[in-house]
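Report on one structure; see the data block that follows.
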Amino acid sequence: MSDRHDLQTLVLSQRQAGVVQLTMNRPAVFNAFDEAMIGELGAVFARLSDDASVRVIVLAGEGKHFSAGADLQWMQRASTASVEWNLEDARRFAGMLALIENCPKPTVARIQGAALGGGVGLACACDIAIAADNASFAVSEAKFGILPAVIGPYVTNAVGKRQARRLALTTTRIKAAEALAIGLVQQVVALDQLDAAVDATVAELLAGGPNAQREIKQLFAQLEVGPITAEVRELTAMTISRVRGTDEAREGFAAFLGKRPANWIPQ
1 MSDRHDLQTL
11 VLSQRQAGVV
21 QLTMNRPAVF
31 NAFDEAMIGE
41 LGAVFARLSD
51 DASVRVIVLA
61 GEGKHFSAGA
71 DLQWMQRAST
81 ASVEWNLEDA
91 RRFAGMLALI
101 ENCPKPTVAR
111 IQGAALGGGV
121 GLACACDIAI
131 AADNASFAVS
141 EAKFGILPAV
151 IGPYVTNAVG
161 KRQARRLALT
171 TTRIKAAEAL
181 AIGLVQQVVA
191 LDQLDAAVDA
201 TVAELLAGGP
211 NAQREIKQLF
221 AQLEVGPITA
231 EVRELTAMTI
241 SRVRGTDEAR
251 EGFAAFLGKR
261 PANWIPQ
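Put into structure tokens, the structure is as follows:
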């Protein structure tokens with residue numbers, strides 16, 4: 001997939017066969033997002049979700065920083081707009097994050113520099129977040145008299161309710177090592193090793209069956225931390241019994257027993 005010239009705030013490129021990188025491209029404002037970028041992010045993720053040639057999506061930010069979150073000029077406009085305008089605007093942002101969260105393909109956030117406010121939300125909406133050791137994170141909305149409402153569920157899912165509450169209430173800026181410790185990211189590497197780490201994770205993802213990964217995301221989205229109820233047990237039993245009979249499962253077992261790569265692995 002080549003770069004798309006009709007995109008104003010993003011650059012879409014093929015990182016390798018089956019792997020698309022979506023790069024936020026407003027480095028002058030540290031990739032802060034406004035209505036235009038939210039619209040483009042949602043539209044591109046919707047399109048990539050339906051593209052059978054795409055196996056993995058990498059979300060990145062151009063320049064020194066991943067994303068400074070919401071563009072303050074956009075937020076200032078929102079502060080003088082009607083409640084109805086604000087509601088529709090917030091629904092568009094919520095819908096965009098949901099498209100990332102619910103994407104049937106594995107998603108990887110490639111994070112360098114600052115991830116602030118909604119930038120933290122983008123990182124948490126991806127399946128896997130890999131950060132450079134110069135990365136820093138802040139859920140900063142309260143500094144501006146607002147709250148991290150739309151990103152709140154994603155941050156809570158990533159780090160747990162108590163840590164999410166601390167980050168939101170204090171607006172403290174944490175470094176990459178602490179982000180790793182609380183689960184906001186899953187790996188931290190030196191900045192010059194960031195792309196190598198992303199590529200290593202992508203290679204692991206490409207080794208898995210695409211239908212299996214889609215099923216994993218669908219199943220895990222329905223699971224909560226807590227008691228394993230009879231309903232949950234039945235859901236898991238029904239899911240695995242159905243997936244075992246798929247063509248992909250038959251190919252996976254045949255490839256393993258035949259000591260050859262499965263047919264979904266790029267050669």
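Sequence positions in the sequence shown follow UniProt numbering and run 1 to 267.
Ideal Cβ placement from N, Cα and C applies to all residues, glycine included.
(message) Phe137 and Ala115 - do their beta-carbons sit closer together than 7 angstroms?
(response) The residue labelled residue 115 in the question sits at position 115 within the sequence shown. The residue labelled residue 137 in the question sits at position 137 within the sequence shown. Taking 7 angstroms as the Cβ cut-off, Ala115 and Phe137 qualify as a contacting pair.
(request) Count the other C-beta atoms from every protein chain shown that fall within 10 angstroms of the C-beta of Asp71, then say buried if there are 16 or more, exposed otherwise. (result) Within the sequence shown, numbered from 1, the residue matching residue 71 stands at position 71. Asp71 comes out buried.
(message) Give me, in chain order, the residues of the same chain whose beta-carbon lies closer than 6 angstroms to that of Ala179; leave out the 5 immediate sequence neighbours on both sides.
(response) If you number the sequence shown from 1, residue 179 lands on position 179. Answer for Ala179: Phe137, Val185, listed in chain order.
(message) I'd like to know whether the C-beta atoms of Asp133 and Val188 end up nearer to each other than 7 angstroms.
(response) By 1-based counting over the sequence shown, the position of residue 133 is 133. By 1-based counting over the sequence shown, the position of residue 188 is 188. In this structure, Val188 lies closer than 7 angstroms to Asp133 by Cβ.
(request) Report the rounded CA-to-CA distance for Arg242 versus Asp34, giving the unit in angstroms. (result) As a working note, residue 242 is residue 242 in the sequence shown. As a working note, residue 34 is residue 34 in the sequence shown. If I take the Cα positions, the gap works out to 42 angstroms.
(request) Tell whether a beta-carbon distance below 7 angstroms holds between Gly119 and Phe66. (result) Your numbering for residue 119 matches position 119 in the sequence shown. Your numbering for residue 66 matches position 66 in the sequence shown. The answer is yes: Cβ separation under 7 angstroms.
(message) Taking only three categories from DSSP, how would you classify Gly61?
(response) Position 61 of the sequence shown, counting from 1, holds the residue named residue 61. Here Gly61 sits in strand by DSSP.
(request) Please report the residue range of the alpha helix (DSSP H) in which Leu194 lies. (result) The residue labelled residue 194 in the question sits at position 194 within the sequence shown. It spans 194–207 - the alpha helix (DSSP H) in which Leu194 sits, taken as one unbroken run.
(request) Starting from Lys217, follow the alpha helix (DSSP H) in both directions and report where the run begins and ends. (result) As a working note, residue 217 is residue 217 in the sequence shown. Residues 210–220.
(message) Suppose the cutoff is 6 angstroms on Cβ atoms and the five residues either side in sequence are ignored; what does the same chain contact list for Ile174 look like?
(response) For this step, residue 174 is matched to residue 174 along the sequence shown. Answer for Ile174: Phe137, listed in chain order.
(request) Could you tell me which residues DSSP puts in a beta bridge with Ser67? (result) Indexing the sequence shown from 1 puts residue 67 at position 67. Note: Ser67 sits in a beta bridge opposite Ala115.
(request) Using three-state DSSP, classify Ser2 as helix, strand or coil. (result) Walking along the sequence shown from the start, residue 2 turns up at place 2. Because Ser2 carries a pLDDT of 41, less than 50, the predicted location of this residue cannot be relied on, and no value is offered for it.
(request) List the whole-angstrom C-beta distance separating Gly42 from Met96, where the pair is believed to meet the contact cut-off of C-beta under 8 angstroms. (result) Here the question's residue 42 lines up with position 42 in the sequence shown. Here the question's residue 96 lines up with position 96 in the sequence shown. The Cβ separation is near 4 angstroms, so the contact holds.
(request) Check whether the Cβ atoms of Thr9 and Glu40 lie closer than 7 angstroms to each other. (result) Mapped onto the sequence shown, residue 9 falls at position 9. Mapped onto the sequence shown, residue 40 falls at position 40. Yes, these two residues count as a Cβ contact at 7 angstroms.
(message) Restricting to Cα atoms, I'd like to know which of Lys64, Ile38, Glu215, Trp85 is closest to Ala98.
(response) Here residue 98 refers to the residue found at position 98 of the sequence shown. Ala98 has its Cα closest to that of Ile38, out of Lys64, Ile38, Glu215, Trp85.
(message) Rounding to the nearest angstrom, what Cα-Cα distance links Lys105 and Ser140 in this structure?
(response) For this step, residue 105 is matched to residue 105 along the sequence shown. For this step, residue 140 is matched to residue 140 along the sequence shown. Straight-line Cα distance between these residues: approximately 30 angstroms.
(message) Applying the 10 Å Cβ sphere with the 16-neighbour rule, what's the burial state of Ala176?
(response) On the sequence shown, residue 176 is found 176 positions in, with the first residue counted as 1. Ala176 should be labelled buried.
(message) Let's see if you can read the secondary structure: which residues bound the beta strand (DSSP E) around Thr23?
(response) Residue 23 sits at position 23 when you count from the first residue of the sequence shown. Counting along the chain, the beta strand (DSSP E) containing Thr23 begins and ends at 19–24.
(request) Express the C-alpha separation of Arg15 and Gly63 in angstroms, rounding to a whole number. (result) Taking the sequence shown and counting its residues from 1, one reaches residue 63 at position 63. Taking the sequence shown and counting its residues from 1, one reaches residue 15 at position 15. The alpha-carbon atoms of Gly63 and Arg15 are separated by roughly 17 angstroms.
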